[in-house]
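With the UniProt record's numbering, the residue at position 7 of the sequence shown is 7, and numbering never jumps.
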Amino acid sequence: MQESTQNAPESLCGTRCDHLSETPEGEHQKTGRKAREREEIRLSENPSHLLSKEGFAMYIGKTVDAIVSMAKAGKLPAVYMADPLKPGGNAELYINRKAWDEACDRLIENAPQEWHDWENRLFLFKPTSGRRNRNISGKAA
Numbered sequence: 001m002q003e004s005t006q007n008a009p010e011s012l013c014g015t016r017c018d019h020l021s022e023t024p025e026g027e028h029q030k031t032g033r034k035a036r037e038r039e040e041i042r043l044s045e046n047p048s049h050l051l052s053k054e055g056f057a058m059y060i061g062k063t064v065d066a067i068v069s070m071a072k073a074g075k076l077p078a079v080y081m082a083d084p085l086k087p088g089g090n091a092e093l094y095i096n097r098k099a100w101d102e103a104c105d106r107l108i109e110n111a112p113q114e115w116h117d118w119e120n121r122l123f124l125f126k127p128t129s130g131r132r133n134r135n136i137s138g139k140a141a
């Protein structure tokens with residue numbers, strides 16, 4: 001049974017050869033193309049009060065689709081801005097980061113005391129026997 005070399009990449013000399021295992025790191029193995037390098041995502045230290053849907057998605061750790069659906073549902077301090085010279089044009093979605101942060105701060109301030117007890121549980125108490133310890137002791141008995 002003979003193997004087909006129809007899809008094997010061509011070397012520099014123009015002959016077909018099977019050298020996929022010798023490809024440098026970062027090169028796509030099937031097509032021989034170099035994989036696109038991803039740029040590092042960086043947020044500004046002091047971002048603007050109005051963020052685009054993509055910027056706000058990075059800010060709170062959600063997807064862009066989730067941000068758009070939250071804005072449509074009225075769950076975000078969203079503003080739609082359109083070009084005033086094009087009255088029927090598409091509007092861009094911006095979210096007021098400052099209003100979002102203030103609302104989050106109010107939620108924390110108005111939270112019940114039980115919610116704030118998580119801070120005490122982190123530092124004051126040693127963890128008691130957990131579920132894992134109960135299962136082990138249950139098997140021994």
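All residues carry an ideal CB built from backbone N, CA and C; glycine is no exception.
How do the segment 113-123 and the segment 81-99 stand: do at least 3 beta-carbon pairs fall below 8 Å, yes or no? Counting Cβ pairs under 8 Å, fewer than three are found: no touch.
Measuring only the C-alpha atoms, how far is I67 from R33? As a first step, residue 67 is located in the sequence shown; it is residue number 67 there, counting from the start. As a first step, residue 33 is located in the sequence shown; it is residue number 33 there, counting from the start. Those two C-alpha atoms are separated by around 34 Å.
What are the boundary residues of the beta strand (DSSP E) that A78 is part of? Counting from one through the sequence shown, the residue named residue 78 turns up at place 78. Element bounds for A78: A78 to M81.
On the three-state DSSP scale, how would you describe E45? Translated into the one-based positions of the sequence shown, residue 45 becomes position 45. Coil, per DSSP.
Integer-rounded CB distance, given that R106 should sit under 8 Å from F56: Residue 56 sits at position 56 when you count from the first residue of the sequence shown. Residue 106 sits at position 106 when you count from the first residue of the sequence shown. Rounded, the Cβ-Cβ distance is 19 Å, inconsistent with contact.
Nearest-angstrom Cα distance between L50 and I108? Indexing the sequence shown from 1 puts residue 50 at position 50. Indexing the sequence shown from 1 puts residue 108 at position 108. Distance between the alpha carbons of L50 and I108: 22 Å.
In whole angstroms, what separates the C-alpha of A82 from that of Y59? One-based indexing of the sequence shown puts residue 82 at position 82. One-based indexing of the sequence shown puts residue 59 at position 59. Their Cα atoms are separated by approximately 23 Å.
Figure out for me which residue from P87, W100, R121 and N46 has the closest Cα to the Cα of A71. One-based indexing of the sequence shown puts residue 71 at position 71. Among P87, W100, R121 and N46, the Cα nearest to that of A71 belongs to W100.
For N96, does the three-state DSSP call read helix, strand or coil? Locating residue 96 in the sequence shown gives position 96, where the first residue counts as 1. Looking at N96 - three-state DSSP - the assignment turns out to be strand.
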